Amino acid sequence: MIFGSVEIDNESVNTHRDSYLLPNISVVSVRRPFLAGALMCGTGFGGLGFAFYDLWRPGEIITIIAGIALSLIAGVWLGQLKLLSRDLRNSELSGAIWGSYSHLNCIRRKIITAMRSTSQEGQI
286 MIFGSVEIDN ESVNTHRDSY LLPNISVVSV RRPFLAGALM CGTGFGGLGF
336 AFYDLWRPGE IITIIAGIAL SLIAGVWLGQ LKLLSRDLRN SELSGAIWGS
386 YSHLNCIRRK IITAMRSTSQ EGQI
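Number 406 in this note's numbering belongs to position 121 of the sequence shown; there are no gaps in the numbering.
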């Protein structure tokens, strides 16, 4: 699942906002930008729950456990695809492709495959 759209052909990558020529893209990366924050939230909620476990009601304990689980799942699941170009002095072309980390990683592999086939055609 991604938010927006990404289409890859032999010459370009077309997102829901922009289109980029494959020869101009030099770095394709997928990151988990909220993982560190999710780990901190999970640790903080866990510490709070452990410190005052004798004062919490059962519904509050369940809420704390659900908050920990939700923040960790969101931090691991959510990813961001970035396309960078050395031609533009490492300026960010597109950082607004968000979605599940695994799906974005598959898209990254498809972009790399298209870039390799384009560069091989150019050398022949």
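Where a beta carbon is used, it is the ideal one built from N, C-alpha and C, also for glycine.
Source: prediction; values computed, not measured.
Buried or exposed (CB count within 10 angstroms, at least 16 for buried), residue i
| i | result |
| --- | --- |
| Ile382 | buried |
| Gly332 | exposed |
| Leu340 | exposed |
| Phe330 | buried |
| Thr300 | buried |
| Ala354 | exposed |
| Arg302 | exposed |
| Gly364 | buried |
| Arg394 | exposed |
| Ile346 | exposed |
| Ile392 | buried |
| Ile350 | exposed |
Sheet register partners of residue i (DSSP bridge)
| i | result |
| --- | --- |
| Gly327 | For Gly327, which the question treats as bridged, DSSP gives no partner whatsoever. |
| Trp383 | Phe288 and Gln365 |
| Ser251 | As displayed, the chain neither begins before 286 nor continues past 409, which places residue 251 out of reach and without an answer. |
| Ser404 | Answer is none; Ser404 lacks a bridge partner. |
Cβ pair residue i, residue j closer than 7 Å
| i | j | result |
| --- | --- | --- |
| Cys326 | Ser356 | yes |
| Leu366 | Val315 | yes |
| Gly384 | Phe319 | no |
| Leu306 | Ala399 | no |
Residue i versus the options, residue with shortest Cα-Cα distance
| i | options | result |
| --- | --- | --- |
| Ile396 | Met286, Ile293, Tyr338 and Ile350 | Ile293 |
| Ala321 | Leu389, Ala359, Cys391 and Arg401 | Ala359 |
| Ser402 | Glu296, Thr348, Ile392 and Val361 | Glu296 |
| Ala323 | Ser387, Met286 and Gly352 | Gly352 |
| Ser290 | Arg342, Leu389 and Ile349 | Leu389 |
| Arg317 | Leu368, Ile310, Val298 and Tyr386 | Tyr386 |
| Asn309 | Gln405, Phe335 and Ser370 | Ser370 |
- Return the chain-ordered ranges of every alpha helix (DSSP H) run that is complete within the region 301-358 and spans a minimum of 4 residues. 320-336
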